[in-house]
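Student:
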Amino acid sequence: MTNQERLDAILRRVSDQHGKLNAKQQAYAIREIGRVRGDIADLLADFAGADGSIERRRLNRLLRELDEVERNIRRYGDAAMSGIITETADWTTTRINNGLERAIGSAGVTANMEQINRQVVNYVARRFESDGLVLSDRVWRLAGDERDKIASVLRTDILRGESVGTMIRNVRRVHDNDTWKIERLVVTEGNTAYRAAADFNAKASEVVTGLRLHPGIKRSKGCVDLANEDRYGLGKGVFLPGDSDVYNPHPNCTSYVTYEIDSRWL
Ligand SMILES: [Zn+2]
Numbered sequence: 003m004t005n006q007e008r009l010d011a012i013l014r015r016v017s018d019q020h021g022k023l024n025a026k027q028q029a030y031a032i033r034e035i036g037r038v039r040g041d042i043a044d045l046l047a048d049f050a051g052a053d054g055s056i057e058r059r060r061l062n063r064l065l066r067e068l069d070e071v072e073r074n075i076r077r078y079g080d081a082a083m084s085g086i087i088t089e090t091a092d093w094t095t096t097r098i099n100n101g102l103e104r105a106i107g108s109a110g111v112t113a114n115m116e117q118i119n120r121q122v123v124n125y126v127a128r129r130f131e132s133d134g135l136v137l138s139d140r141v142w143r144l145a146g147d148e149r150d151k152i153a154s155v156l157r158t159d160i161l162r163g164e165s166v167g168t169m170i171r172n173v174r175r176v177h178d179n180d181t182w183k184i185e186r187l188v189v190t191e192g193n194t195a196y197r198a199a200a201d202f203n204a205k206a207s208e209v210v211t212g213l214r215l216h217p218g219i220k221r222s223k224g225c226v227d228l229a230n231e232d233r234y235g236l237g238k239g240v241f242l243p244g245d246s247d248v249y250n251p252h253p254n255c256t257s258y259v260t261y262e263i264d265s266r267w268l
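In the working numbering, each residue's number is its place in the sequence shown (first place is 1) plus 2.
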């Protein structure tokens, strides 16, 4: 087996492991953002009368209290996403450098790993997506959408004279219907952090000359087309380190890169 083949196999395995890490991170983000359900239950308990329902005349005041609920969703969401990106950058840099060391030896290893991780976190947090938003804006939009749906559920339930117990169940349904949005956010951001970290390490390594992009699990058009492109005459799907087109071919993308190594190290 050549060094190149050894490294390819290692980086494919790292990609599989990253998929498992990302799945755990999705569950974590859903749990963290779901903490707001407790805040809403407390709020409803404060507004409920002795009969367990909320008087209509208190409806507008209750709806104004949802400002705080929206702020909390943003707070939990921002904290969860920032933790996930930091963890992913650190995890990826460590795994990739272990792989380089095993396949090639210490010559492949990157210096300044902490600096690389900081750069990855900054990149992911500050980049503008195709929707013209940065990450914190997308968390805000998610929080706003959810607040609107919660407001609508509570308004209807209060006008109908439903009990707080029913309202809590209906709010829970809003969350459950929205978990796919959180999953998509974590898949997109986590995988962007993963591919960006792979590239930043490639740039810093003396032995890496190219990044080979492999399409994601769903083989979407965005990443399949990119993986079929021979942009630099180096072969299909081979990009130069620093080419940010491979960071996020499309939302929800699980594509990954392997490294092309310099002929001296083959
Ligand atoms: Zn893809």
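Note that beta-carbon positions come from the ideal geometry of N, C-alpha and C, so glycine has one too.
1) State the Cα-Cα distance for the pair Val-209 and Ile-263, rounded to the nearest angstrom.
2) For Ser-246, which three-state DSSP category applies?
3) Is Lys-220 close to ligand 1? I mean its beta-carbon at under 8 Å from any heavy atom of the ligand.
4) For Ile-12, is the classification buried or exposed, using 16 other Cβ atoms within 10 angstroms of its Cβ as the cut-off for buried?
5) Leaving aside the five residues before and after Gln-6 along the sequence, list all residues of the same chain whose C-beta is less than 7 Å from its C-beta, in chain order.
6) Since Asn-179 and Asp-159 should fall inside the 8 Å C-beta cutoff, what is the C-beta to C-beta distance between them, to a whole number of angstroms?
7) My parser needs the alpha helix (DSSP H) runs of 4 or more residues fully inside the region 43-131; what are they?
8) Quick one: what does DSSP say Ser-257 is sitting in, helix, strand or coil?
9) So the beta strand (DSSP E) His-252 belongs to, where does it begin and stop?
10) Using the DSSP secondary-structure output, state which residues sit across from His-216 in a beta bridge.
11) Taking 8 Å as the line, does the beta carbon of Gly-224 fall inside it for any heavy atom of ligand 1?
12) Should Thr-260 be counted as a contact of ligand 1 given a C-beta to heavy atom distance under 8 Å?
13) When you compare only the Cα positions, how much space is there between Leu-23 and Gly-54?
14) If the criterion is Cβ atoms closer than 9 Å, does the pair Glu-72 and Arg-149 meet it?
15) Expressed to the nearest angstrom, what Euclidean distance is found between the alpha-carbon atoms of Asp-48 and Asn-62?
16) So what does Phe-241 bridge to, in DSSP terms?
17) Exposed or buried, which one is Ser-257 when buried takes at least 16 other CB atoms within 10 Å?
18) What did DSSP end up calling Ser-17 once you bin it into helix, strand or coil?
19) May I ask you to check if the CB of Pro-251 is nearer than 8 Å to at least one heavy atom of ligand 1?
20) Could you spell out the range, first to last residue, of the alpha helix (DSSP H) harbouring Leu-135?
21) Under 7 Å Cβ to Cβ from Val-38, same chain only, skipping five residues before and after it: list those, please.
22) Closer than 7 Å by C-beta to Gly-218: which residues in its own chain qualify, once you throw out the five before and the five after it? Chain order, please.
23) Following a CB-centred definition, is Glu-257 positioned closer than 8 Å to any heavy atom of ligand 1?
24) Assuming Glu-191 is part of the alpha helix (DSSP H), what are its boundary residues?
25) Taking 8 Å as the cut-off, is the CB of Pro-217 close to at least one heavy atom of ligand 1?
26) Starting from the Cα of Asp-133, find the closest Cα among Pro-253, Arg-266, Met-3, Arg-8 and give me that residue.
27) Thr-181 and Ile-87 look like a contact to me (Cβ under 8 Å); what is the Cβ gap, rounded to whole Å?
28) Would you mind working out which of Ile-184, Val-136, Ala-153 sits nearest Ile-170, comparing C-alpha positions?
29) For Leu-213 versus Ala-200, is the C-beta spacing smaller than 9 Å?
Tutor: Looking at the atomic coordinates:
1) Each residue's alpha carbon lies about 5 Å from the other.
2) Helix at Ser-246.
3) Within the cutoff, so yes.
4) So Ile-12 ends up on the buried side.
5) Excluding sequence neighbours, Gln-6 sits near Ile-263, Leu-268.
6) About 16 Å separates the two Cβ atoms, so there is no contact after all.
7) Qualifying alpha helix (DSSP H) stretches, in chain order: 61-105, 115-128.
8) Reduced to three states, the DSSP call for Ser-257 is coil.
9) Neither: His-252 is in no beta strand (DSSP E) and is coded neither H nor E.
10) Answer is Tyr-258.
11) For Gly-224, the shortest C-beta to heavy atom distance toward ligand 1 is below 8 Å.
12) For Thr-260, the shortest C-beta to heavy atom distance toward ligand 1 is 8 Å or greater.
13) Those two C-alpha atoms are separated by around 43 Å.
14) Using a Cβ distance threshold of 9 Å, Glu-72 and Arg-149 count as a contacting pair.
15) Cα to Cα, Asp-48 sits roughly 14 Å from Asn-62.
16) The partner list for Phe-241 (beta bridge, DSSP) reads Leu-213.
17) Result: buried.
18) Helix.
19) In this structure, ligand 1 has a non-hydrogen atom nearer than 8 Å to the beta-carbon of Pro-251.
20) For Leu-135, there is no enclosing alpha helix (DSSP H), as DSSP gives it neither H nor E.
21) Excluding five sequence positions before and after Val-38, the CB atoms of its chain that fall closer than 7 Å to its own CB belong to Val-71, Asn-74, Ile-75, Tyr-78, given in chain order.
22) Hits under 7 Å: Cys-225, Cys-255, Thr-256, Ser-257.
23) Looking at the sequence itself, residue 257 is Ser, so the reference to Glu does not match. For Ser-257, the Cβ falls inside the 8 Å cut-off from some heavy atom of ligand 1.
24) Counted as a single uninterrupted DSSP element, the alpha helix (DSSP H) harbouring Glu-191 occupies residues 166-206.
25) Answer for Pro-217: yes, Cβ within range of ligand 1.
26) Minimum Cα-Cα distance from Asp-133 among the listed residues Pro-253, Arg-266, Met-3, Arg-8 corresponds to Pro-253.
27) Their Cβ separation, rounded to whole angstroms, is 20 Å, which puts Thr-181 and Ile-87 out of contact at 8 Å.
28) The residue from Ile-184, Val-136, Ala-153 with its alpha-carbon nearest to that of Ile-170 is Ala-153.
29) Contact: yes.
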